[in-house]
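Numbering-wise, the working numbering puts 429 at position 131 of the sequence shown, and it's gapless, one number per residue.
What follows is a short report on a single structure.
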Amino acid sequence: MNTHRISFLESLAQHSASLKIVFLNHSGAPANLVADISSIDIIADKKATAGFISFCESHSLVSEIRISPEFRRTEIIVKFTDSTELRFMLLRDMIRKAFSCMHFDEVRRDAFSNEHGMQVASNSHHFEYLFLLCQFAQISMPDRYRNYFAGFDFETRTTIFRYIQPRYDLVINTLDELYQPKGSTQLKMMVGLRRDKMNSLLRMFLRVVEYGIFRFISNFTKKVIVKTHKPGNISTGTAPIKNRNTAGQAVL
């Protein structure tokens with residue numbers, strides 16, 4: 299029952315560069331995103347999110363889209379004509395404990411199209427995102443990512459190490475030491491985040507206030523927006539996208 303989901307992901311991967319979205323938690327081919335993953339995490343600003351919604355609405359395999367605006371991110375559940383579904387999390391920022399964890403403008407700048415046509419974060423940013431995600435959640439990095447990073451050559455792993463170690467002042471000898479959550483590692487990580495200008499006390503305070511306002515307003519607004527398929531020109535191939543920046547604007 300994965301045929302529609304895989305076909306959709308392969309089509310989305312081919313359009314990801316033009317949609318200006320960046321995949322964050324992939325582990326190789328688009329088909330790998332189907333197995334054992336709760337959500338597909340993607341960097342997308344408001345304009346890119348609207349384009350993503352338009353893409354889904356026009357895709358021949360999609361029957362329904364359920365959109366849930368959240369704080370600095372949008373959850374989108376895409377339902378397919380074979381009754382399967384995929385959950386996407388479109389991120390405008392990565393917020394944990396009032397910290398803004400990554401410079402998404404830098405992630406976009408360094409993103410590239412991999413051998414499967416997916417627009418993905420650089421290897422260093424990819425590892426950093428998963429490292430932060432697992433440390434904050436206090437869970438071990440899943441085997442699919444360990445195996446994925448284990449396939450990198452020595453030079454690539456060294457590049458990741460030289461990026462991640464000084465950024466968080468980690469006392470480690472190999473990247474493998476970061477696969478398990480540790481209190482000392484999380485403390486180092488938060489100290490590293492706190493040093494970043496985007497996490498000054500003022501900015502963190504304003505983030506908390508903004509979140510409070512968002513929660514208050516959300517009590518009086520519709521929490522889930524349902525959109526159905528609209529006939530368009532998006533199929534399982536790589537046809538061009540038309541009007542991708544107009545649909546979905548009202549729900550963002």
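Quick reminder that beta carbons are idealized off the backbone N, C-alpha and C, glycines included.
Just so it is clear, the structure is predicted and the values come from calculations on it, not from any experiment.
For PRO367, the enclosing beta strand (DSSP E) begins and ends at 360 to 368.
Counting every other CB atom within 10 Å of its CB across the protein chains shown gives ALA435 a total below 16, marking it as exposed. Under DSSP, SER411 shares a beta bridge with GLN417.
Selection PHE402, GLU368 and ILE458 evaluated against PHE514 yields GLU368 as nearest (Cα-Cα). Excluding its 5 nearest sequence neighbours in each direction, ARG371 has C-beta neighbours in its own chain below 7 Å: MET387, LEU388, LEU389 and ARG390, listed in chain order. Rounded to the nearest angstrom, the Cβ distance from ASN412 to VAL405 is 15 Å, too far for a contact under 8 Å. Taking a 10 Å sphere around the C-beta of ALA409, we find 16 or more other C-beta atoms and assign the residue as buried. Here LYS495 is exposed. Its C-beta has fewer than 16 other C-beta atoms within 10 Å. Taking a 10 Å sphere around the C-beta of THR347, we find 16 or more other C-beta atoms and assign the residue as buried.
Taking the Cβ atoms as the reference, SER398 lies roughly 6 Å from ASN497, within the contact range of under 8 Å.
Separation of MET502 and VAL522 (C-alpha to C-alpha, rounded to the nearest whole angstrom) is 28 Å.
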